[in-house]
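Report on the structure given below.
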Amino acid sequence: MSTFAANITAGTKLYLAPGMWDDGSARFAAYFYNGSGNAWADLSALSGTDYYVVEAPSGTWTNVIFCRMNGGTTANDWGNKWNQSGDLVYDGTNNLFTISSWDNQTSGWSTYTAAGGSTSEPVTEPEGGVTYTVTVPSGTNQCYINGEATGNTFVKMTLLADGRYQKRITTAHTGLTYNYYSGASADYVEVTALGNAVSPRA
Numbered sequence: 559m560s561t562f563a564a565n566i567t568a569g570t571k572l573y574l575a576p577g578m579w580d581d582g583s584a585r586f587a588a589y590f591y592n593g594s595g596n597a598w599a600d601l602s603a604l605s606g607t608d609y610y611v612v613e614a615p616s617g618t619w620t621n622v623i624f625c626r627m628n629g630g631t632t633a634n635d636w637g638n639k640w641n642q643s644g645d646l647v648y649d650g651t652n653n654l655f656t657i658s659s660w661d662n663q664t665s666g667w668s669t670y671t672a673a674g675g676s677t678s679e680p681v682t683e684p685e686g687g688v689t690y691t692v693t694v695p696s697g698t699n700q701c702y703i704n705g706e707a708t709g710n711t712f713v714k715m716t717l718l719a720d721g722r723y724q725k726r727i728t729t730a731h732t733g734l735t736y737n738y739y740s741g742a743s744a745d746y747v748e749v750t751a752l753g754n755a756v757s758p759r760a
């Protein structure tokens with residue numbers, strides 16, 4: 559089966575689900591290359607998820623290799639590499655690569671969706687309080703917010719016409735933690751695409 563290849567331009571964000579690679583002793587880097595040059599870039603942990611993200615460095619690249627690096631080092635080079643994916647081609651759409659093999663894996667692309675399908679837009683209101691707006695996965699029938707922002711009380715959010723949920727918490731301010739839930743119980747906390755509970759937002 560052929561794969562459509564798209565150039566990886568500077569600033570393109572690619573995501574890594576490290577799976578078995580993420581044993582607490584490693585860090586992650588990406589090696590970008592084309593027919594005439596190459597560049598390394600560090601991956602950073604994506605807050606509230608099990609993913610890591612990298613922005614393609616300056617240039618136009620045809621391929622990328624994700625690498626599991628020696629966590630006791632900082633330099634990105636092949637001598638500090640513990641494991642690597644295969645030579646990967648980006649198709650311009652599927653931007654999340656999930657590791658399921660220690661080395662030379664070439665299949666595993668999918669599309670990254672923030673927070674397992676939800677994206678959050680807290681806005682501080684000039685008259686006080688914070689308005690929380692969240693886009694949730696298709697099929698979500700209700701949404702609650704709970705955490706420091708609500709005094710650790712489940713508060714039901716309002717469904718907007720465009721399918722998002724929204725709630726203004728008049729006593730909230732920036733910096734307070736919170737999570738979204740699909741029901742009024744801790745059992746319904748939002749999860750990442752890997753099924754793990756999302757860390758408290760702030």
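The sequence shown begins at 559 in the working numbering and counts up one residue at a time.
All residues carry an ideal CB built from backbone N, CA and C; glycine is no exception.
Remember, it's a predicted structure, so these values are computed and weren't measured experimentally.
- The criterion of a C-beta distance shorter than 8 Å is satisfied by V688 and A707.
- Residue nearest to G705 within the set L604, A587, D661 and R759 is R759 (criterion: CA-CA distance).
- Here N621 is not near L654, since their CB atoms are 8 Å or more apart.
- Setting aside the 5 residues that flank it on each side, V612 is surrounded in the same chain by L572, A588, A599 and L601, each with a C-beta closer than 6 Å to its C-beta; the list follows chain order.
- Within the same chain, Cβ atoms closer than 7 Å to the Cβ of N628 are found at N638 and W640, the five residues on either side in sequence being excluded.
- Within the same chain, T691, V692 and T693 come within 7 Å of R722 by CB-CB distance, once the 5 residues on both sides are set aside.
- Bridge partners of D600 according to DSSP: A587.
- Shown here, N638 sits in a helix according to DSSP, grouped into three states.
- In terms of Cα proximity to F586, the closest of C625, N596 and A614 is C625.
- Inter-residue distance for P576 and Y609 is about 7 Å (C-alpha atoms, whole angstroms).
- Bridge pairing for I623: Y589 [DSSP].
- Annotation: F712 to F590 spans about 45 Å, alpha carbon to alpha carbon.
- Cβ-Cβ separation between G617 and A568: approximately 6 Å, consistent with a contact (criterion under 8 Å).
- Distance from the CA of L574 to the CA of H731, rounded to the nearest whole angstrom, comes to 32 Å.
- Between I657 and W619, the gap from beta carbon to beta carbon reaches 8 Å or more.
- In the assembly as shown, N737 is a buried residue. Its beta-carbon has 16 or more other beta-carbons within 10 Å.
- The Cβ atoms of A742 and Y702 lie closer than 8 Å to each other.
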